[in-house]
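In what follows, a single structure is set out as structure tokens and then discussed.
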Ligand SMILES: Cc1cc2nc3c(=O)[nH]c(=O)nc-3n(C[C@H](O)[C@H](O)[C@H](O)COP(=O)(O)OP(=O)(O)OC[C@H]3O[C@@H](n4cnc5c(N)ncnc54)[C@H](O)[C@@H]3O)c2cc1C
Ligand code: SF4
Ligand code: FES
Ligand code: FES
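Residue numbers (my numbering), protein chains in the order written: chain P, -4 to 336; chain C, 134 to 950; chain E, 2 to 160.
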């Protein structure tokens, strides 16, 4: 049986206690939320923090509230809660579609949204046991000095694999961080950096406490995911769109984000810009799909060939935009993602 | 026994071990715990190919709680499943041959401690060149991975010629030549291998292991540890799946036995999921070339099959696997002339071996896809073509396989009718397609792994005054339900309920030898042995009852827990009373039964692989949807018909069919044992790409289509109650049926497995660009096969011998598996 | 360093000592000898270790035992009603849903949670609910049949 290394487990009862504990030794501590990313990584010795600060008893972070103009999702709200939330599933459909396709039913019961946004980047040379990594002489991201994906690459190219991040980015989410020294709020897209090792702009002493998503009347969103199976698998490509149209059908507001195409999820504002002020016609959708295509830079370190993952950008962007337009794409969804409805 | 009405056999029933399985009470190997038990972990090679220069375990031994470190030198005797490939050491002795090859073992108080101590063992290696693929093995005879084998890095090369393919091609109207590739994949049983070794209170070594072949493990342990087999007890625990992955004796089993003997304490090992990928013994990657001659009406005139197997780093069952790639091409369709050449090479990867359908799956894929191409060319319905050429029951094939019942034609008709194949094939809209394929499989290998004249399976019965019948047999419960079959066969003959039969299985101290759960042999062989033992017991009881009732013994009926006069059913007594009478009359009652297959008709070298008491047949139609935009493939429905002879317990039989279809779908769509070779300029590394159950893709409940099954029951004269195998055969037609359905849907050929959306999309793009819409191997490398053995076919008046074979000693026959 | 912990498993309280790095899986199987809970990867990739935590299916290999103190844990050992099988267990036994039986405990518990939430699930809903449990033997279909049959029995019991 694979076992965890030894560590000190801290179970703070409140946010302030958690922050104080974190502040005491941020470099050697890890936040334990659902643990569904952290614990497997620790079992493979990809991460070996000396202290784990569990958020399990920190009730403040488990709130999900809505007001007239926004949704507020606490950092440790469970994915299952989001997935089964009725208002969310109508108003933030793209988010719910993304969340309900994360991992498995069981994992979504423990995993949190904060953990998902902070999910470690992934790579087939890295998500391996210590002995396996030893047999390739390790790599930049942990214990080594070369990147096997591109041996001349100056940086780690591990891929951002969170499903929720692109969905939330398309919905214009802001995230709040707390530390012993205060609170700050940034757009979610600013959380990410295109570096497989330093993929978050978050400081080690900061906790992700809250996600704020603006409510936009009539906005429609969708999330399309490429993976081999309808369950378990991390995204090989995620396409999130959010579109708001006026009565005449002209696009007022649009946002598009791609996941699993680089070391960070990317907000492709230039593509969204093509849609604004236009009807959401086949031609506009085609143009958007064409424009999104070159922005995806998949690497050979995950399932499915990179050419295929790239080729699928057009197809998924098209499907996602058609879905928000109101086309019945349920059959395509079912076929590609094996999800109900 | 003939014509007695059946009461238990053939009825859907809860299997005897079901309660334990649903309550969590089944004790798998890792569930065993003993006081003072220690834990073992293995240090595995980080290099694909290297000499071991030195091993220094002092730092590990210094760690408090570490009790023992073992290395290859502690167990220098070799072992291996086949007598001809005794090429493994419990721990590598002087050389490592793949990343994951076990080098040292630590036994410690806890598993975590043992794991941590591994890092403190210092091993110095001298790297050798990495041989990563078959082509490389052929072009690099040096460095040799093993110092035995046919030559260089060729483990085994064989060639057999039946009749004359040249003549067959000359008679043909068309000759088709195709190459195919079947990627390697692995069993992925949900339970990882585990074992516990301990000395019993008498000081006797006992090993509990999740093994499909306790008998062969028993032999290997005794051999390597230099123990008399009578002083070693091997118990096969119920397994959480095996599929062929637990049919080899493994180093870890021997290591913990050694440790238990040295320390006098129980020692457990439970492999991690990653380690199971290194044990492997899974499906060989096979490159194959098929030349097939056909007449205009579809009649086959000749087949020339060449295979190249990537064997990985050890022999395992490889010699048998090699022969199996050529053995069963003849049993489905009549082939007047047949030539087979096979070659297995060593590479620095985990060893390949037997997986469900052992060695026959890959060429079956090639053969069935090629038939689809032939039908297309001849403008024949592919089902009709197959019906025309189905082999004859009760015949000898070109390669001397004795085939009794053949339900293949009925299977084809069944799936064609149920799927409405003829109205769909080439008639569905673009993107939708149907494909058909057929197959056959053994009901047990006709020859044992080591040559001997003893039974392949033995069953012993104990009956006593309580009315309980205890059945002892060495079979291993992998999940297939052998305990249930044993119970049912005995209960049926003795007319008692299954609950009145207790089975004791898989324990070398208690139960007579059964060779193991492989080659779909258990129901056939154990079933027949059980019937024989039960018939003898029945006779003893009947004699006593006949005396008492004054009725002729053959007039007595054993049914519903009673023994009574057939003419006057009220005249009789309970089974228990009957046993009391018999015990009084004949003394303590114990009987035995055993089974040994008939001697094969093939007398040429290599002819030991392929013969079986009976062959099962299967036909499948698969309906697919292909999205031409994305290449995305959906399996809409599977229709399958399986010629099972008789379904002893239809619930279990159905489960085997569905499980086989599932596994076939996995192989067809996504399962692949893939490797990464790092840039040779920078590294010698050759690693399993993703040794995890997440990245080694297998179907979830969302991908599994509905399966429409018909079990065709035409009892085979050799089968127990007429039963034939069902655990492997239904896997075989799935992959080719899918490939054929894709062609029907979008007109591209994917001549390799797995068939992924990437490949379909690429083939479609090629087709759109005016190039051949095909993905598959371009050519077949030049392999220096030996000169073939020429065996005249039965219809040429042959006697099963080769005309150019030098006489060989009797016990040197190629071993069957 | 070992710390005392009390867990409520199948309605019974167990007091044991454990290190913080032990998962619920390890404590159930090794400290409490409740070996009915299985494991196939210990990385959240197979579902064999699923148990119920306050009625919801979770993977015991990815939960620290320390974090489960005070919660209701249900394992396969707690399913049967005394000597009588739970309708799900009986249906699994009758429909051939347990071949090797190794995935069975995790699937039974996952199915139990499903039927408590949704007493009348469609076949696709059952597929979806069980899509986090791999089974290598059955091809799932007999499992789907069994869940359907059990759901019917449970609905009749409710009446
Ligand atoms: C088999 C399997 C399949 C998976 N499939 C998917 C998938 O398809 N899509 C996907 O997106 N993910 C997937 N995951 C990853 C993971 O389960 C999810 O991303 C999950 O949402 C992570 O949340 P968690 O609460 O469990 O995170 P944890 O493991 O607890 O934490 C993850 C990281 O975030 C940090 N962290 C957590 N919370 C906070 C916080 N509030 N503030 C600061 N840092 C924090 C942790 O320190 C850690 O570094 C999969 C995991 C497994 C094992
Ligand atoms: S991208 Fe390169 S450096 Fe980063 S994890 Fe993969 S191999 Fe290592
Ligand atoms: S053991 Fe595989 S998911 Fe927990
Ligand atoms: S019954 Fe064997 S894994 Fe499911």
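We treat Cβ as the ideally placed atom computed from N, Cα and C, and that holds for glycine.
In three-state terms, what does DSSP make of residue 945 of chain C?
Here the question's residue 945 of chain C lines up with position 812 in the second chain. Low local confidence applies: a pLDDT of 46 at residue 945 of chain C is under 50, so the model's placement there is unreliable, and no value is given.
Closest by C-alpha distance to residue 769 of chain C, when choosing among C:812, C:722, C:840 and C:815:
Within the second chain, numbered from 1, the residue matching residue 769 of chain C stands at position 636. If we check each option's Cα against that of residue 769 of chain C, C:840 comes out closest.
Straight-line CA distance for residue 39 of chain P to residue 360 of chain C?
As a first step, residue 39 of chain P must be located in the first chain, where it is residue number 44. As a first step, residue 360 of chain C must be located in the second chain, where it is residue number 227. Answer to the nearest angstrom: the Cα atoms are 39 Å apart.
Whose C-alpha, out of C:402, C:399, C:383 and C:746, is nearest the C-alpha of residue 414 of chain C?
As a first step, residue 414 of chain C is located in the second chain; it is residue number 281 there, counting from the start. Selected option, being the one with the closest Cα: C:383.
Buried or exposed: which applies to residue 950 of chain C, given that a residue is buried once 16 or more other Cβ atoms fall within 10 Å of its Cβ?
Translated into the one-based positions of the second chain, residue 950 of chain C becomes position 817. Its pLDDT being 43, under 50, residue 950 of chain C is placed unreliably in this model, and the value from its coordinates should be taken loosely. Buried.
With a cut-off of 8 Å, do at least 3 Cβ pairs link the stretch 65 to 77 of chain E to the stretch 133 to 149 of chain E?
no
Who are the neighbours of residue 7 of chain E on chain P, taking C-beta pairs under 8 Å?
On the third chain, position 6 is the one that residue 7 of chain E refers to. Under the 8 Å cutoff, chain P gives no residues; its nearest Cβ is about 15 Å from residue 7 of chain E.
Do the stretch 443 to 453 of chain C and the stretch 345 to 357 of chain C meet, that is, are 3 or more Cβ pairs less than 8 Å apart?
no
Would DSSP call residue 758 of chain C helix, strand or coil?
Taking the second chain and counting its residues from 1, one reaches residue 758 of chain C at position 625. Looking at residue 758 of chain C - three-state DSSP - the assignment turns out to be strand.
From the beta carbon of residue 800 of chain C, is the nearest beta carbon of chain E less than 8 Å away?
Within the second chain, residue 800 of chain C is the residue found at index 667, counting from 1. Not one chain E Cβ lies under 8 Å of residue 800 of chain C.
Expected contact under 8 Å - CB spacing of residue 191 of chain P and residue 118 of chain P to nearest Å
In the first chain, residue 191 of chain P corresponds to position 196, counting from 1. In the first chain, residue 118 of chain P corresponds to position 123, counting from 1. 7 Å between Cβ atoms; contact.
Secondary structure at residue 127 of chain C, three-state DSSP: helix, strand or coil?
Residue 127 of chain C cannot be examined here, being either before or after the span of chain C that is shown, 134 to 950.
Counting along the chain, where does the alpha helix (DSSP H) carrying residue 231 of chain C start and finish?
Position 98 of the second chain, counted from the first residue, corresponds to residue 231 of chain C. Element bounds for residue 231 of chain C: n/a, residue is neither H nor E.
With H, G and I counted as helix, E and B as strand and the rest as coil, what does DSSP make of residue 580 of chain C?
Mapped onto the second chain, residue 580 of chain C falls at position 447. It is coil, neither helix nor strand.
Mind checking who residue 318 of chain C pairs with in its DSSP beta bridge?
Residue mapping note: residue 318 of chain C aligns to position 185 of the second chain, counting from 1. Answer is C:416.
For residue 120 of chain P, is the beta carbon positioned less than 7 Å from some heavy atom of ligand 2?
As a working mapping, residue 120 of chain P is identified with position 125 in the first chain. Yes; taking the cut-off as 7 Å, the Cβ of residue 120 of chain P has a heavy atom of ligand 2 nearer than that.
Residue span of the beta strand (DSSP E) that contains residue 7 of chain E, given as start and end
Translated into the one-based positions of the third chain, residue 7 of chain E becomes position 6. Segment 4 to 10, the beta strand (DSSP E) holding residue 7 of chain E.
Does the stretch 256 to 273 of chain C come close enough to the stretch 425 to 436 of chain C that 3 or more CB-CB pairs lie under 8 Å?
no
Mind checking the stretch 9 to 24 of chain E against chain P and listing, in chain order, the residues whose C-beta falls within less than 9 Å of any C-beta there?
20, 21, 22, 23 and 24
Please classify residue 389 of chain C: is it buried, with 16 or more other beta-carbons within 10 angstroms of its beta-carbon, or exposed?
Within the second chain, the letter at position 256 stands for residue 389 of chain C. By the neighbour-count rule (16 or more Cβ atoms within 10 Å), residue 389 of chain C is buried.
On the premise that residue 620 of chain C lies in contact with residue 636 of chain C, defined as a C-beta separation below 8 Å, what is that separation, rounded to the nearest angstrom?
Start at 1 with the first residue of the second chain, and residue 636 of chain C comes out as number 503. Start at 1 with the first residue of the second chain, and residue 620 of chain C comes out as number 487. Their Cβ separation, rounded to whole angstroms, is 6 Å, which keeps residue 636 of chain C and residue 620 of chain C in contact under 8 Å.
Taking residue 182 of chain C as the reference, which of C:198, C:257 and C:362 has the closest Cα?
To locate residue 182 of chain C, count along the second chain from 1; it is residue 49. That would be C:257, whose Cα lies nearest to the Cα of residue 182 of chain C.
Between the C-alpha atoms of residue 301 of chain P and residue 858 of chain C, what's the straight-line distance to the nearest angstrom?
In the first chain, counting from the first residue as 1, residue 301 of chain P sits at position 306. In the second chain, counting from the first residue as 1, residue 858 of chain C sits at position 725. Their backbone Cα atoms lie some 42 Å apart in a straight line.
So residue 38 of chain P contacts chain E; which residues on that side make the cut at Cβ distance below 7 Å?
As a working mapping, residue 38 of chain P is identified with position 43 in the first chain. Those are 43 and 44, listed as they occur along chain E.
Against residue 3 of chain P, what residues of chain E qualify as contacts under a CB-to-CB distance less than 8 Å, listed in chain order?
Taking the first chain and counting its residues from 1, one reaches residue 3 of chain P at position 8. The contacting residues are 21.
Element boundaries [beta strand (DSSP E), containing residue 365 of chain C]
Within the second chain, residue 365 of chain C is the residue found at index 232, counting from 1. Run containing residue 365 of chain C: 365 to 369, per the beta strand (DSSP E) assignment.
Name the chain E residues that come within less than 8 Å of residue 85 of chain P, Cβ to Cβ?
The residue you call residue 85 of chain P lines up with position 90 of the first chain. Residues of chain E passing the Cβ test: none, with the nearest at roughly 20 Å.
Just to confirm the assignment, what range does the beta strand (DSSP E) spanning residue 69 of chain P have?
Here residue 69 of chain P refers to the residue found at position 74 when the first chain is read from its first residue. First-last of the beta strand (DSSP E) with residue 69 of chain P: 65 to 69.
Does residue 742 of chain C come out as helix, strand or coil in the three-state DSSP assignment?
Along the second chain, read from residue 1 onward, the residue named residue 742 of chain C stands at position 609. Residue 742 of chain C: coil per DSSP, three-state reduction.
With H, G and I counted as helix, E and B as strand and the rest as coil, what does DSSP make of residue 362 of chain C?
As a working note, residue 362 of chain C is residue 229 in the second chain. Three-state result, residue 362 of chain C: helix.
How many angstroms separate the CA atom of residue 789 of chain C from the CA atom of residue 862 of chain C?
In the second chain, residue 789 of chain C corresponds to position 656, counting from 1. In the second chain, residue 862 of chain C corresponds to position 729, counting from 1. When rounded, the distance between both Cα atoms is 10 Å.
Cβ neighbours of residue 757 of chain C in the same chain (closer than 7 Å, five flanking residues each side left out):
Position 624 of the second chain, counted from the first residue, corresponds to residue 757 of chain C. Contacts found: 566, 766, 767, 768, 769, 871, 874, 875 and 878.
Give the DSSP-derived three-state secondary structure of residue 440 of chain C in the structure shown.
If you number the second chain from 1, residue 440 of chain C lands on position 307. Residue 440 of chain C: strand per DSSP, three-state reduction.
If we cut at 8 Å on Cβ distances, does residue 937 of chain C have a partner in chain A?
This model lacks chain A altogether, as its protein chains are P, C and E.
Tell me whether residue 515 of chain C sits in a helix, a strand or coil according to DSSP, three-state version.
For the purposes of this step, residue 515 of chain C is taken as the residue at position 382 of the second chain. Here residue 515 of chain C sits in helix by DSSP.
Indicate, with yes or no, if ligand 1 has a heavy atom lying under 7 Å from the CB of residue 225 of chain P.
Taking the first residue of the first chain as position 1, residue 225 of chain P is located at position 230. For ligand 1, not one heavy atom lies less than 7 Å from the Cβ of residue 225 of chain P.
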